[in-house]
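Student: Taken in order, these protein sequences are the chains called A and B. Read in order, the letters of the first sequence correspond to residues 3 to 308 in the numbering used here. Read in order, the letters of the second sequence correspond to residues 32 to 129 in the numbering used here. The C-beta atom is built at its ideal place from N, Cα and C for all residues, glycine as well. Keep in mind that this is a model prediction, so the values were computed, not measured. Before we start, here is the structure in question, set down as structure tokens.
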Amino acid sequence: SSNSFNYGTYHSLDSIYAELDHLASEYSNIVSKLQIGKSYEKRPLYVLKFSTGGSNRPAIWIDAGIHSREWVTQASAVWIAKKIASDYGKDLSITSLLNKMDIFLLPVTNPDGYVFTHTTNRMWRKTRSKNQGSPCVGVDPNRNWDAGFGGPGASSNPCSDSYRGPSANSEVEVKSVVNFIKNHGNIQAFLTFHSYSQLLMYPYGYKCTEPADYAELDALGRAAASSIRSLYGTTFTVGSICSTIYQASGGSIDWSYDYGIKYSFAFELRDTGRYGFLLPASQIIPTAEETWLGLKKIMEHVRDNP
Amino acid sequence: LCLETFVGDQVLRIKTRNEEEVKKLQLLESLEHLELDFWINPSTPALPVDVRIPANSVQAVKAFLESHGIEYSILIEDLQVVLDKEKQDMACSQQKER
């Protein structure tokens, strides 16, 4: 049962995957587990689908852990999965959302990297694919999307932590998500979790111009940041990727926005650098709780503005 | 594949005041032999930069920063100590669960 899972600690990939099974079994009326592909090292990429029925309903995409060392993101995603499932039928907002839309949640986008952070190098960020002609391994999967690929803020050096890869979508983890989104055809929001820095960002990163929906995205981002702050006072800075951090090409939300998914946001969760990627486990649940409020604000807006 | 350790690695927070200092950090980033891991990359002067520095490069990086008058503080004194604590906490929590 998911009631015995400790959401307040970090887990191995096997333990997370077992928990996805528990959730799918315990809440089988609304939760199912899909496999959208396999990683470079042939680990399954599992997505939880939250749905109350219907066919090809409008849907919200959420992913975590594309950068493997950002452990609080995978942990928060599992907490959020339980929250969505257990709140259906109890919380008015989530109930009305799921009566109209589906949610797809990919808690571990980069499973090879995640396993590597547990077994070999806690600070690993990239995938684990081999790079031809180089002794260095891995591609930064958030520089590998077909959005200004190869532009500023991505490295062409396979040994760099921000190596963009040989071509857009070269990483099977990225390509699997792209294929899923394209095949679905009715994704209304694309939300991705990173850590750390406490930012809520919208496109663009590969260029420093405002997106066409700037006013709406900025207002929605600020409303979500305000919801996040309401719980524990955690402040999130809101803006485009280029204006809040730096110009970075090949990022996922730039691709999703240019693909036509208006509500494309990237969260950078806790903290601001006291612990960075090594956020203590005691902060997992507070982080997930506050993130949930921001996420809910965005999902409600998507529900009400199809 | 043996476990990679981070004994003596430090994480510095570097505060740049102008574009020139940002450019200096970008230069530092390009020096591959230092094997720096930028947790937050140098971008605009307003934002601090967090960088993990392997033990062997700590002195060189600090000397570089000091010689250019770039302000920094030590966020993590020894990364391995924090990693060991994380590992211990995980083991402890798993033990409790069992």
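Answer yes or no: does any C-beta atom of chain B fall closer than 8 Å to that of Gly275 of chain A?
Tutor: Yes - at least one Cβ of chain B is within 8 Å of the one on Gly275 of chain A.
Student: Determine the chain B residues that contact Cys161 of chain A at a beta-carbon separation under 8 Å, and present them in chain order.
Tutor: Glu63
Student: What are the boundary residues of the beta strand (DSSP E) that Met103 of chain A is part of?
Tutor: Per DSSP, Met103 of chain A belongs to no beta strand (DSSP E) and is neither H nor E.
Student: In this structure, how does DSSP classify His196 of chain A when only helix, strand and coil are distinguished?
Tutor: strand
Student: Please report the residue range of the alpha helix (DSSP H) in which Thr121 of chain A lies.
Tutor: 113–121
Student: Measuring CA to CA, which of A:Gly207, A:Pro137, A:Leu202, A:Cys161 is closest to Ala226 of chain A?
Tutor: A:Leu202
Student: Applying the 10 Å Cβ sphere with the 16-neighbour rule, what's the burial state of Pro113 of chain A?
Tutor: Buried is the call here.
Student: Name, going along the chain, the residues of the segment 82–112 of chain B whose beta-carbon falls closer than 9 Å to a beta-carbon of chain A.
Tutor: Arg83, Leu106, Ile107, Leu110
Student: In whole angstroms, what separates the C-alpha of Val304 of chain A from that of Trp70 of chain B?
Tutor: 32 Å
Student: Give a yes or no on whether the C-beta atoms belonging to Val82 of chain B and Leu96 of chain B are separated by under 8 Å.
Tutor: No, Cβ-Cβ distance for Val82 of chain B and Leu96 of chain B is not below 8 Å.
Student: Sort A:Asp142, A:Val240, A:Asn307, A:Leu25 by Cα distance to Lys128 of chain A and report the nearest one.
Tutor: A:Asp142
Student: Closer than 8 Å, CB to CB, is Met203 of chain A near chain B or not?
Tutor: no
Student: Compare the Cα-Cα distances from Ser157 of chain A to each of B:Leu106, B:His99, B:Ser61 and report the closest residue.
Tutor: B:Ser61
Student: Looking only at DSSP bridge pairs, what is Arg83 of chain B linked to?
Tutor: B:Val42, B:Asp68, per the DSSP bridge assignment.
Student: Quick check on DSSP: helix, strand or coil for Val141 of chain A?
Tutor: Coil at Val141 of chain A, not helix or strand.
Student: Using 8 Å as the limit for Cβ to Cβ distance, is Leu114 of chain B near chain A?
Tutor: Leu114 of chain B has a beta carbon lying within less than 8 Å of a beta carbon in chain A.
Student: Beta-carbon separation of Pro60 of chain A and Gln249 of chain A under 8 Å?
Tutor: no
Student: Find the residues of chain A that neighbour Ile71 of chain B, judging by a C-beta separation of less than 7 Å, and give them in chain order.
Tutor: Ser199
Student: Which two residues bound the contiguous beta strand (DSSP E) that contains Glu270 of chain A?
Tutor: 265–271
Student: Distance check for Gly252 of chain A and Gly150 of chain A, CA to CA, integer angstroms please.
Tutor: 6 Å
Student: Compare the C-beta of Phe151 of chain A with all C-beta atoms of chain B and state if any pair is closer than 8 Å.
Tutor: no
Student: Going by the CB atoms, is the gap between Leu100 of chain A and Phe52 of chain A shorter than 8 Å?
Tutor: yes
Student: Assign Lys184 of chain A to one of three DSSP states: helix, strand, or coil.
Tutor: helix
Student: Quick one: give me the first and last residue of the alpha helix (DSSP H) that Pro50 of chain A is part of.
Tutor: The residue asked about is misnamed: residue 50 of chain A is Leu in this sequence, not Pro. Segment 46–52 is the beta strand (DSSP E) holding Leu50 of chain A; no alpha helix (DSSP H) there.
Student: Report all residues from its chain with a CB closer than 8 Å to the CB of Ala26 of chain A; omit the five preceding and five following residues, and keep chain order.
Tutor: A distance below 8 Å between beta-carbons, with the five flanking residues on each side excluded, links Ala26 of chain A to the following residues of its chain, in chain order: Val33, Ser34, Lys35, Leu50.
Student: Taking Trp294 of chain A as the reference, which of A:Tyr261, A:Ala87, A:Phe182, A:Phe279 has the closest Cα?
Tutor: A:Ala87
Student: Measuring only between beta-carbons, confirm whether Thr11 of chain A sits less than 8 Å from chain B.
Tutor: Answer yes: the Cβ-Cβ gap between Thr11 of chain A and chain B drops below 8 Å somewhere.
Student: Identify the contact partners of Tyr165 of chain A in chain B, using a Cβ-Cβ distance below 8 Å as the criterion.
Tutor: Close to Tyr165 of chain A, with beta-carbon spacing below 8 Å, lies no residue of chain B; the smallest spacing is near 12 Å.
Student: Kindly list, in the order they appear in chain E, the residues whose Cβ is closer than 7 Å to that of Ala290 of chain A.
Tutor: Absent from the structure is chain E; the protein chains it does hold are A and B.
Student: Excluding five sequence neighbours on each side, which residues of the same chain lie with their C-beta closer than 7 Å to the C-beta of Tyr259 of chain A?
Tutor: So the list reads Pro205, Pro213, Ser266, once near-sequence residues are dropped.
Student: Going by C-alpha distance, which of A:Arg124, A:Val110, A:Cys161 is nearest Asn133 of chain A?
Tutor: A:Cys161
Student: For Tyr103 of chain B, collect the residues of the same chain with a Cβ closer than 8 Å to its Cβ; drop the 5 residues on either side in sequence, then sort them by chain order.
Tutor: Result list for Tyr103 of chain B: Leu43, Arg44, Ile45, Lys46, Lys93, Leu96, in chain order.
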